[in-house]
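In full-length UniProt numbering, the protein residues as written are 1 to 282. Where a beta carbon is used, it is the ideal one built from N, C-alpha and C, also for glycine. All figures in this text were calculated on a predicted structure; none of them were measured in a lab. See structure below.
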Amino acid sequence: MKKREIFFTKVGFSIALSFILTSNVFAGAPNPIGTMTYSIPGATAVPTLSGTMLIALSLLLFAVAFRVAKQKGSGKMFITLIGVSALSIGGSGIKLVSDAKALMGASLPLNTGPTTGEVDLYSGYNIFENTNSQTVTIKSITTDAGYSCGALAGKPQALALPAVSTCSESLEISNGNICDFQCDAIVEVSDIRLKQNIKYLRTLENGLKIYSFKYLTNVSNSKETQVGVMAQDLLNDSRYKDAVIRMKDNHFAVNYRSIGLKMITLDQWKASPDNVFYEQKL
């Protein structure tokens, strides 16, 4: 009896530890900057086991495993780890998807209704795969103020992806197909008074001067050297002055999207100056 109590005490501790380590609180997930909603004609999503069902199945397997361990008198720790792993996966909401599959895009679950779903959007590269058996239609794409999503200038080299559609409203995505886009901040702090280590790089064909710089530490903790424009230059050019936004502290920001550019790092500039354009130059 005492051995059984010790055994279950160890199991309970392991389960609690697994739930803590796999909770979203410790995951460090980035904050979403928008949402994308979609729908299908009927509720025919690819069936998967829910977290509740996984836990129920795990408990059943655990009971069998305990009886086997009791009879054999060995392998208890191995069996315990199997049961705990299954419980923690089911309880924490971790997707049972291989890394290779995940690279093909986050799935589009029917999570807001029997025929509708919604996914979060994040700053940077977003890619989604339709795992429903029927065609999905994108209904809306909404971003926070200061962000915009659109076609990529080029696919991330780390992902060997096939040709995909750009996610957009009314786009239809059949089963197994994917869509993607890039979500970037279109309003960036660009006041010369908030920058340091400023170096002139080039004047573009459209007359915009491009600089490398670092933000002052009270503006950003990043030590990365950035490449972009100066708001003061745009204010002196009638073609671009409307892209300048006065912030509450009377410093200036720039709507990069409206001038066809995006702020990039110096490394990206060195790889290709064309990376500064929002859309890839042909």
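- Between Tyr147 and Gly228, the C-beta gap is not smaller than 9 Å, which leaves the two residues out of contact.
- Within a 10 Å sphere around the beta-carbon of Ile198 sit fewer than 16 other beta-carbons, which makes this residue exposed.
- Selection Val119, Thr265, Val164 evaluated against Glu224 yields Thr265 as nearest (Cα-Cα).
- Under DSSP, Ile264 takes part in a beta bridge, and its partners are Val227.
- In this structure, Leu216 is the residue among Leu171, Leu216, Ile210 with its C-alpha nearest to the C-alpha of Arg193.
- For Asp237, the secondary structure class from DSSP, reduced to helix, strand or coil, is coil.
- About 5 Å separates the CB atoms of Asn130 and Leu108; that is less than 8 Å, so the two are in contact.
- Around Gln232, the same chain offers Ile192 as residues with beta carbons nearer than 6 Å, after the five sequence neighbours per side are excluded.
- With a threshold of 16 other beta carbon atoms within 10 Å, Ala271 falls short and is exposed.
- Here Ser170 is exposed, its C-beta having fewer than 16 other C-beta atoms within 10 Å.
- DSSP places Gln196 within a strand segment (E or B) once states are collapsed to three.
- With 16 or more neighbouring CB atoms inside 10 Å of its own CB, Asn132 falls in the buried class.
- Residue pairing from DSSP places Tyr211 in a beta bridge opposite Tyr200, Gly228.
- Residue pairing of Met247 in beta bridges, as defined by DSSP: absent, with no partner found.
- Per DSSP, Cys167 lies in no beta strand (DSSP E) and is assigned neither H nor E.
- In this structure Tyr200 is exposed. Its beta-carbon is surrounded by fewer than 16 other beta-carbon atoms within 10 angstroms.
- Thr203 and Lys214 have their C-alpha atoms spaced approximately 19 Å apart.
- The beta carbons of Gly105 and Phe128 sit about 5 Å from each other, so the pair counts as a contact at 8 Å.
- The alpha-carbon separation between Val189 and Tyr256 amounts to approximately 10 Å.
- Look at Asp274 here: in three-state DSSP terms it is helix.
- Just so you know, the alpha carbons of Tyr122 and Ser238 end up roughly 34 Å apart.
- The closest CA to that of Asn177, considering only Val187, Asp184, Val164, Ser168, is found on Val164.
- When secondary structure is reduced to three states using DSSP, Asp184 falls in the strand class.
- Residue burial is scored here from C-beta neighbours: Thr142 has fewer than 16 other C-beta atoms within 10 angstroms and is therefore classed as exposed.
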